[in-house]
Amino acid sequence: MRRPPCRVAAEATGSVPPVKDLLVGLVVGALDAVDPERLVADRIADWQPNGRLVVLAIGKAAVPMLRSARSALDVDEALAVAPACLDEPDCREASHPIPDESSESAGRAVLEIARSSAGASVLVMLSGGASSLCEVPVDGLWLDDLAEVSVRLLRCGAPIDRVNDVRSGLSAFKAGGLGGALVDAREVRVLALSDVVGSSPATIGSGPTVAHPFDPEGTIGLAESCGAGLPQGLADRLRRATAPTRASFPVEVLADGRVLADAVVEVALAAGLDAKVGEVLVGEASRTARRLATGAAAGLTVHAGETTVTVVGEAPGGRNQEAALAAAEVLAGTDGVFVALGSDGVDGTTDAAGAAVDGGTWAEIEAMGLDPGALLAANDAHRALDAVGALIRTGPTGTNVADVWVVWR
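Residues in the sequence shown are numbered consecutively from 15, following my numbering.
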C-alpha cells in the first residue's frame, strides 16, 4: 500500500527540528510492516477455497483487506464495512466510534449474507473499529441502548478490552453472533489485524466469531466495575432479552502493535540509532506518557499499545495528543523528544494522527499566550499542539494496530 505523505504542521514555529522530523519519518515509514494488503496476500497465498467464496471484511482496514482478497482469489460475493469506502463498490459506510443506524444496517446486512452462505467458503477479515461499525442489539434491546453504553464507557476511560466485553453482552453480532450465522458454511477462515493489547481473538472487534455465553447479570456487573453502570431500564430489558445463537471459529492474527514496534526499531537501527522495544502501552494516557518520558534510557525506546483518557469536557480529544502534551511538560528544558501516533491516522475526533514534542514545546505553547496545563486538564491538547505546529497529520493510513510512542533521550 502506498502510504499518504506525513505532514507535521509547523506554521507557528518554523521548520521542525531535524530530530523530530527523523523520528516522525521512522514511525510513519514503519507502518508498511502492518500494511493489510500485503499481510492478507501473504496469508492466503496458498489457500484454495472449496466452492463458492464469500468475503466479509469489517473495520478500518476493511477496504484494503478486501482488495487484497480480490487480487488473490476468485470472489463470488463480498461486503466490506468501513468508516469510508474509498470507491470500493461492495462496501457500506458505518459509524465509528459510536454505533448508529448505519452500524445496525451494516450488521444486519453482514448477518444476512452469512446466513445465506450454506455450503460456501467464507473469508472473514476483521480490523480495528469493527465493534462500532457492525452492530445488532440482542432481541429486546434497542440500538440507542448500545450507543449510550458505548459513550459512557469511552468517556469514563475504560480500557478497550473491557469496553468490548460489555458491548459483547448487549450484541447479537459480537461474541460469536456472526459465527452463529456461519454454522452452515462449508469452510470459514477468519483473519484479524489486531488493535487491542494482547490480541485476544475474543476482544478484536469484540469477537464476532468467538462465542461467549450470554450472561446478562455478568454484563451488568462488568459495566458497573468499569464505572459506567447500565441504566435501570436497559438492565431490565437485558435480563428479559433473548439469547442470540453463537458459534466459534479459529482466528488468525496477522499483526498487532508489537509488530509495528519491532518495525520502528528495525528502521531506527538501520538509520544508525540505538533503539529498543519498551513496554506495552496501557493506562491513562497523560500519566503513562509522563512516566515513560521521565524514565526513558538513553537512545530510542519504542512502545505500542492503547491507553485511555478520562474525558472531562467537550474538546476534540485524542489520547496520543494528550500523551504528547503531558510528555512535553516533563521534557521541558531537556534534549528529549516524544512522538505519539495512532497507526490508523486518526486520533480522537481530530484531523491529526498524533504529535511530536521536545524540550521546547511547553514554553513555545506558553509563548503563544496559551496555558498548556489548563488545556491538558480540559482534554484540549489539540488546541495547544496545533498552535505550535506539533501535530502529525497523515490522513487515514488504511491500517490499524493501535498506537505507537517513541521516546528519545
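For every residue, glycine included, the Cβ atom is placed at its ideal position computed from N, Cα and C.
Because the structure is a prediction, the values reported are computed rather than measured.
Neighbourhood of residue i by C-beta, 8 Å cutoff - its chain only, sequence neighbours within 5 removed
i      : result
CYS105 : ALA76, VAL77, LEU80, LEU93, ALA94, VAL95, ALA96, CYS99
ALA392 : VAL326, GLY327, ALA329
ALA289 : VAL278, VAL279, ALA282, LEU283, GLY313, LEU314, THR315, VAL316
ARG397 : ALA329, LEU384, LEU389
Residue i burial status per 10 Å Cβ neighbour count (16 or more: buried)
i      : result
VAL326 : exposed
ASN64  : exposed
PRO19  : Low confidence applies to PRO19: its pLDDT is 39, below 50, so where it sits in the model is not reliable, and the reading given next is rough at best. Counting Cβ neighbours within 10 Å, PRO19 comes out exposed, since fewer than 16 surround it.
ALA388 : exposed
ILE218 : buried
SER29  : At SER29, the pLDDT of 43 sits below 50, so the modelled position is not reliable; the number obtained from the coordinates is stated separately. The residue is exposed, with fewer than 16 neighbouring Cβ atoms inside 10 Å.
ALA307 : buried
GLY292 : buried
ALA257 : exposed
PRO230 : buried
ALA284 : exposed
ALA311 : exposed
THR233 : buried
ARG301 : exposed
THR411 : buried
PRO222 : buried
GLU378 : buried
ALA59  : exposed
ASP209 : buried
GLY313 : exposed
GLY362 : buried
ALA381 : exposed
ASP101 : exposed
GLY347 : exposed
Sequence-distant residues of the same chain with beta carbon closer than 6 Å to residue i, five excluded per side
i      : result
ALA108 : VAL95, SER116, SER117, ALA120, LEU147
ALA337 : ALA299, ALA303, ALA354
MET139 : ALA71, MET79, LEU205
ARG254 : GLY154
VAL177 : LEU167
ALA161 : ILE112, PRO113
THR324 : GLY171
ASP90  : ARG66, LEU67
ALA242 : ARG166, LEU167, CYS170
LEU271 : This sequence places Gly at residue 271; Leu is not what is there. Hits under 6 Å: ALA318, GLY319, VAL415, ALA416.
ASP159 : LEU248
Neighbourhood of residue i by C-beta, 7 Å cutoff - its chain only, sequence neighbours within 5 removed
i      : result
ARG21  : Residue confidence for ARG21 is low, a pLDDT of 42 falling below 50, so the modelled location carries little weight and cannot support an answer.
VAL281 : LEU40, GLY43, ALA44
PRO31  : A caution first: PRO31 carries a pLDDT of 45, below 50, which makes its placement in the model too unreliable to give a value.
GLY356 : ASN334, ALA367, GLY368, ASP417
PHE228 : ALA257, PRO258
ILE174 : VAL210, GLU320
LEU37  : VAL351, VAL353, ALA370, VAL420, TRP422
ARG57  : LEU205, GLU266, LEU268
HIS110 : PRO97, GLY143, SER146, LEU147
Beta carbon of residue i nearer than 8 Å to that of residue j
i      : j      : result
ALA132 : VAL68  : no
VAL360 : ALA367 : yes
VAL267 : ALA47  : no
ALA401 : LEU339 : no
ASP358 : ASN414 : yes
VAL33  : TRP376 : no
SER220 : SER182 : yes
PRO50  : SER82  : yes
ARG203 : LEU157 : no
GLY409 : THR364 : no
LEU207 : ALA269 : yes
ALA237 : VAL163 : yes
Integer Cβ distance of residue i from residue j, believed to fall under 8 Å
i      : j      : result
THR322 : ALA172 : 7 Å
VAL418 : ALA341 : The pair is not a contact, with the Cβ atoms about 14 Å apart (cut-off 8 Å).
VAL371 : LEU345 : 7 Å
LEU192 : VAL180 : About 18 Å; that fails the 8 Å criterion.
VAL316 : VAL279 : 5 Å
VAL150 : LEU125 : 6 Å
GLU320 : LEU287 : With a Cβ gap of about 25 Å, GLU320 and LEU287 do not count as contacting.
VAL141 : GLY235 : The sequence shown places Ser at residue 141, not Val. With 8 Å as the limit, SER141 and GLY235 do not qualify as a contact, their Cβ atoms being about 30 Å apart.
ARG260 : HIS226 : 7 Å
Any C-beta of chain D under 8 Å from that of residue i
i      : result
SER213 : Here chain D cannot be found, since the structure has a single protein chain.
### Query
Should the region 270-286 be regarded as contacting the region 187-200, the criterion being three or more beta carbon pairs within less than 8 Å?
no
### Message
For the structure I just gave you, are there three or more beta carbon pairs, one from the region 246-253 and one from the region 211-219, closer than 8 Å?
### Response
no
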